[in-house]
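*Asks:*
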Amino acid sequence: MINPNLDILNQLPASIFWKNNNLEFLGGNQSFLRAAGLSHVTDIVGKTDFDLPWSCTHADLYRKDDREILRGKIIYNQLETQLQATGQLVTVIVNKKPLYDQNNIPIGLIGSYMEKKPEPHRATLNILSKQQKYCLLYTIQGKSAKQIANQLGLSTRTIEFYLGLIKQKLACRNKAELISTALRLGFKA
Numbered sequence: 007m008i009n010p011n012l013d014i015l016n017q018l019p020a021s022i023f024w025k026n027n028n029l030e031f032l033g034g035n036q037s038f039l040r041a042a043g044l045s046h047v048t049d050i051v052g053k054t055d056f057d058l059p060w061s062c063t064h065a066d067l068y069r070k071d072d073r074e075i076l077r078g079k080i081i082y083n084q085l086e087t088q089l090q091a092t093g094q095l096v097t098v099i100v101n102k103k104p105l106y107d108q109n110n111i112p113i114g115l116i117g118s119y120m121e122k123k124p125e126p127h128r129a130t131l132n133i134l135s136k137q138q139k140y141c142l143l144y145t146i147q148g149k150s151a152k153q154i155a156n157q158l159g160l161s162t163r164t165i166e167f168y169l170g171l172i173k174q175k176l177a178c179r180n181k182a183e184l185i186s187t188a189l190r191l192g193f194k195a
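In terms of the numbering used here, the sequence shown opens at residue 7 and continues consecutively.
(1) Give me the Cβ distance between LYS103 and ILE116, rounded to the nearest whole Å; I'm assuming they're in contact under 8 Å.
(2) So, do the segment 83 to 97 and the segment 48 to 68 have three or more beta carbon pairs nearer to each other than 8 Å?
(3) When the Cβ atoms of the segment 130 to 139 are set against those of the segment 37 to 48, are three or more pairs found closer than 8 Å?
(4) Please classify LYS153: does DSSP put it in a helix, a strand, or coil?
(5) If we count the other Cβ atoms within 10 Å of its Cβ and call it buried at 16 or more, is GLN138 buried or exposed?
(6) If you measure between the beta carbons of LEU3 and ARG69, is that distance less than 8 Å?
(7) Please identify the residue among LEU142, LEU76 and ARG190 whose C-alpha is closest to the C-alpha of GLY170.
(8) First and last residue of the alpha helix (DSSP H) that includes LYS173?
(9) Going along the chain, which residues of its own chain have a beta-carbon closer than 8 Å to the beta-carbon of ASN26, five neighbours each way excluded?
(10) Going by the DSSP bridge assignment, what does GLY205 pair with across the sheet?
(11) Could you tell me if PRO19 is buried or exposed, where buried requires 16 or more neighbouring beta carbons within 10 angstroms of its beta carbon?
(12) Report the partner residues of GLN84 according to the DSSP bridge assignment.
(13) Leaving out the 5 sequence neighbours to the left and right, which residues in its chain are closer than 8 Å to LEU184 when beta-carbon positions are compared?
(14) Flag GLN36 as yes when its Cβ comes closer than 7 Å to any non-hydrogen atom of the ligand SAM, and as no otherwise.
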């Protein structure tokens, strides 16, 4: 029987599950159980994907992948959608691999997934014009408004105006806050 330490698995942010060769669930961590609308690990034992909230939309696809896994395929970072017990359809990043016994015979599979969150910082930085992005880049590099103006062939006053707009768009009060916010949002110097 496949029975990892659930206390440890419940500490992880990923949803984790494991199945036998008949593609019946043998267990899962709390994150997985929540997505499936279940509260205790014993509630999942013996169920298949057809018994869970995603049955009508995704069970066939999941089981097709699972049969490939049992033949030795490994899935890393595959994007899939999942209908959760809440009715919410989410995009998840999935990993699956076979589990083997001591004779190297597949006895099941283990899978994990995490919800793929939208990248709000990309959207936030996309509200900046090309010139504003250059101003921000040079500001992060420590250049003054005058140096940025010379670099871009613009007036110092225009650069100061752009920097004011950038601060406004990124909700920053000063240059230090602007640099900190830009770096936190993933803007590369």
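Positions of the beta carbon are idealized from the N, C-alpha and C atoms, including for glycine.
*Replies:* If we stick to the structure as given:
(1) 6 Å
(2) yes
(3) no
(4) One point to set straight first is that residue 153 is Gln, not Lys, in the sequence displayed. Three-state DSSP puts GLN153 in a helix.
(5) buried
(6) The requested residue 3 does not occur in the structure, where the chain is confined to residues 7 to 195.
(7) LEU142
(8) 162 to 175
(9) ILE8, LEU32, ILE113 and GLY114
(10) The displayed coordinates of the chain run from 7 to 195. Any statement about residue 205 would go beyond what the structure contains.
(11) exposed
(12) VAL100
(13) LEU142, THR145, LEU169, ILE172, LYS173, LEU176 and CYS178
(14) Questions concerning the ligand SAM fall outside what the structure shown contains, since it holds no ligand whatsoever.
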